[in-house]
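Participant: In short: position in the sequence shown from 1, add 107, done, that's the working numbering. To start, I am sharing the structure in question, which I have written as structure tokens.
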Amino acid sequence: MYRSTSRVRRLALAGAALALLVTACAPPGPTATEATSSPPLVQKSTQPDEDPAGFDLEALIAAARTEPGITIYDQTTKVVDTAKGFAAKYGLEATGVKVELGAIDKVLKENQSGNVIGDVVINEDLPTYAVELLDQGVLVNWVPGDMKNSIKPEDQYPLIVHYGPMGWVYNNQTYSSCPVSNIWQLTDDEFDGRVAMADPLSNAKYSYWFNTMALNDDAALRDAYKQHFGTELTTNEPDAAHEWVKRFAQNNPKLTRNDEEVSEAVGAPGQQEPSFGPISMAKFRNIAGKGYHLALCDGMKP
108 MYRSTSRVRR
118 LALAGAALAL
128 LVTACAPPGP
138 TATEATSSPP
148 LVQKSTQPDE
158 DPAGFDLEAL
168 IAAARTEPGI
178 TIYDQTTKVV
188 DTAKGFAAKY
198 GLEATGVKVE
208 LGAIDKVLKE
218 NQSGNVIGDV
228 VINEDLPTYA
238 VELLDQGVLV
248 NWVPGDMKNS
258 IKPEDQYPLI
268 VHYGPMGWVY
278 NNQTYSSCPV
288 SNIWQLTDDE
298 FDGRVAMADP
308 LSNAKYSYWF
318 NTMALNDDAA
328 LRDAYKQHFG
338 TELTTNEPDA
348 AHEWVKRFAQ
358 NNPKLTRNDE
368 EVSEAVGAPG
378 QQEPSFGPIS
388 MAKFRNIAGK
398 GYHLALCDGM
408 KP
């Protein structure tokens, strides 16, 4: 998504070949229920080049070469090399900057001060972008016209570049198979203090996951509860998801800054009792890169 400033014009020009950067990253992919039950958000205004008929890549790149470079904020270090590759390919200036936490506050403060540094913003916190920054005019959504017809309507506003799959992982140097088969096990004394998770207050994907469970998975969570404890769930909470989150929080999970720290807590070699936790599948690169022992907990219920 673009910053709404006097530089919007050149951002649109430079953004043509940055189609995979000018986006909001998505949290874990939606269920079929989510994808079909809510109508897509509607963009209030569009640029001429967001229509296939008005899109001219060569003209955009030529115009961008006459203007200053751009700075891209993203949550991963990949943006640094991606921006370098983009700049080299198209003869433009582009700088990628990793802003893992506090990106929204940073964008707002820059906008309010008038000292805008980041031009293109990639982030997984879709509701905040859609409800706050886009509606306030702090950011401007942009969909490349040559790709518009191949992008699902619900993925166009805010523009989604990819869905980032998540999964529960364990240390397969210590365990021959996953030590957890039911999500309610994580509320047992056995796992008191042994589950690592990126702090939900700083990593919005987890609060979205909790909400998704509350909306769609009440019956499945109740079935899993009965399978694990042998009795029906009785709770004063609104649903089984609220009850699970409450018990999970009371079981002293290790809250980290990010998934990178979770992958270390789970996968670092030589542990007798490693942590267990959810991470982005991208962190499986740490197996080769850092010698971690990570395996996906396949079959965990629900």
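Ideal Cβ positions, reconstructed from N, Cα and C, are used throughout, including at glycine. Just so we're clear, the structure is a prediction, and the values are computed from it rather than from any experiment.
(1) Keeping to the same chain, check which residues put their C-beta closer than 8 Å to that of Ala142; ignore five residues upstream and five downstream.
(2) Apart from the five residues just before and just after Asp156, which ones in its own chain have a Cβ nearer than 6 Å to its Cβ?
(3) Let me know the secondary structure DSSP gives His335 once reduced to three states.
(4) Between the Cα of Gly377 and the Cα atoms of Pro385, His400, Asn359 and Leu362, which residue gives the shortest distance?
(5) Given a threshold of 16 other Cβ atoms within 10 Å of its Cβ, counted over all protein chains shown, does Asn55 qualify as buried or as exposed?
(6) Does the beta-carbon of Pro385 have 16 or more other beta-carbons within 10 angstroms, so that it is buried, or is it exposed?
(7) In whole angstroms, what separates the C-alpha of Leu322 from that of Glu165?
(8) Taking only the alpha-carbon atoms, compute the straight-line gap between Met407 and Ser284 and give it to the nearest angstrom.
(9) Return the Cβ separation of Ala331 and Trp291 in integer angstroms, given the expectation that the two are a contact with Cβ distance under 8 Å.
(10) Confirm the yes/no value for this check: CB of Ser387, any heavy atom of the ligand MG, distance under 7 Å.
(11) Quick check on Thr173: does DSSP put it in helix, strand or coil?
(12) Alpha carbon to alpha carbon, how far is Pro175 from Lys390? Give it in angstroms, no decimals.
(13) Just how far apart, CA to CA, sit Leu308 and Thr342?
(14) Find the nearest neighbour of Glu231 within the set Tyr282, Thr178 and Ile267, judged by alpha-carbon distance.
(15) Give the secondary structure of Val302 by DSSP, where H, G and I count as helix, E and B as strand, and everything else as coil.
(16) I need the DSSP call for Thr363, collapsed to helix, strand or coil.
(17) Can you tell me whether Gln379 is buried or exposed, with buried defined as 16 or more other CB within 10 angstroms of its CB?
(18) When DSSP builds the beta bridges, which residues end up paired with Ala402?
(19) Could you tell me which of His349, Lys361, Gly300 and Gly337 sits nearest to Asn318, measuring between CA atoms?
(20) Glu426: which of Asn222, Asp226, Pro265 and Asn256 sits nearest, CA to CA?
(21) CA-CA distance, Ser144 and Gly398?
(22) Taking the continuous alpha helix (DSSP H) assigned at Lys397, which residues delimit it?
(23) Hey, would you say Thr294 sits closer than 8 Å to Trp351, going by beta carbons?
(24) Give, in chain order, every unbroken run of the beta strand (DSSP E) that is at least 3 residues long and sits entirely within the segment 169-233.
(25) Measure the alpha-carbon distance for Gln210 versus Asp299 and round it to whole angstroms.
Facilitator: Put simply:
(1) What you label residue 142 is simply residue 35 of the sequence shown in a count that begins at 1. Since pLDDT at Ala142 reaches only 40, below the 50 mark, its modelled position is unreliable, and no value is offered.
(2) Numbered from 1 along the sequence shown, position 49 holds the residue referred to as residue 156. Closer than 6 Å at the Cβ level, and outside the excluded window around Asp156, lie Phe162 and Gly252.
(3) Looking up residue 335 in the sequence shown gives position 228. In the structure shown, His335 sits in a helix (DSSP, three-state: H, G or I).
(4) Along the sequence shown, read from residue 1 onward, the residue named residue 377 stands at position 270. Nearest C-alpha to Gly377: His400.
(5) Nothing about residue 55 can be reported from this structure: the residues present for the chain run from 108 to 409 only.
(6) Here residue 385 refers to the residue found at position 278 when the sequence shown is read from its first residue. Burial call: buried.
(7) As a position in the sequence shown, residue 322 is number 215, starting the count at 1. As a position in the sequence shown, residue 165 is number 58, starting the count at 1. The straight-line gap from Cα to Cα measures roughly 46 Å.
(8) On the sequence shown, residue 407 is found 300 positions in, with the first residue counted as 1. On the sequence shown, residue 284 is found 177 positions in, with the first residue counted as 1. Answer to the nearest angstrom: the Cα atoms are 12 Å apart.
(9) As a first step, residue 331 is located in the sequence shown; it is residue number 224 there, counting from the start. As a first step, residue 291 is located in the sequence shown; it is residue number 184 there, counting from the start. Right, the Cβ-Cβ distance comes to about 6 Å (below 8 Å), so this counts as a contact.
(10) This structure does not include the ligand MG; it has no bound ligands of any sort.
(11) One-based indexing of the sequence shown puts residue 173 at position 66. Thr173: coil per DSSP, three-state reduction.
(12) Mapped onto the sequence shown, residue 390 falls at position 283. Mapped onto the sequence shown, residue 175 falls at position 68. Looking at the two C-alpha atoms, the distance is approximately 34 Å.
(13) Translated into the one-based positions of the sequence shown, residue 308 becomes position 201. Translated into the one-based positions of the sequence shown, residue 342 becomes position 235. About 25 Å.
(14) By one-based count along the sequence shown, residue 231 stands at place 124. Selected option, being the one with the closest Cα: Ile267.
(15) Reading the sequence shown from its first residue, position 195 is the one you call residue 302. In this structure, Val302 counts as strand in the three-state DSSP scheme.
(16) Within the sequence shown, the letter at position 256 stands for residue 363. Note: Thr363 maps to strand in three-state DSSP.
(17) Position 272 of the sequence shown, counting from 1, holds the residue named residue 379. Counting Cβ neighbours within 10 Å, Gln379 comes out exposed, since fewer than 16 surround it.
(18) Taking the sequence shown and counting its residues from 1, the one referred to as residue 402 is at position 295. According to DSSP, which records beta bridges pairwise, Ala402 is partnered with Tyr277.
(19) Working through the sequence shown from its first residue, we reach residue 318 at position 211. For the residues His349, Lys361, Gly300 and Gly337, the minimum Cα distance to Asn318 belongs to His349.
(20) Since the first and last residues shown for the chain are 108 and 409, residue 426 lies out of range.
(21) For this step, residue 144 is matched to residue 37 along the sequence shown. For this step, residue 398 is matched to residue 291 along the sequence shown. In this prediction, Ser144 has a pLDDT of 48, which is less than 50 and means its spatial position is unreliable; what the coordinates show is noted afterwards. Rounded to the nearest angstrom, the two C-alpha atoms are 43 Å apart.
(22) Here residue 397 refers to the residue found at position 290 when the sequence shown is read from its first residue. Lys397 -> alpha helix (DSSP H) spans Arg392 to Lys397.
(23) As a first step, residue 294 must be located in the sequence shown, where it is residue number 187. As a first step, residue 351 must be located in the sequence shown, where it is residue number 244. Yes. Within cutoff.
(24) Within the segment 169-233, the runs of beta strand (DSSP E) that reach at least 3 residues and sit entirely inside it are, in chain order, 177-181 and 201-205.
(25) Taking the first residue of the sequence shown as 1, we reach residue 210 at position 103. Taking the first residue of the sequence shown as 1, we reach residue 299 at position 192. The sequence shown places Ala at residue 210, rather than the Gln named in the question. Cα-Cα distance, rounded: 32 Å.
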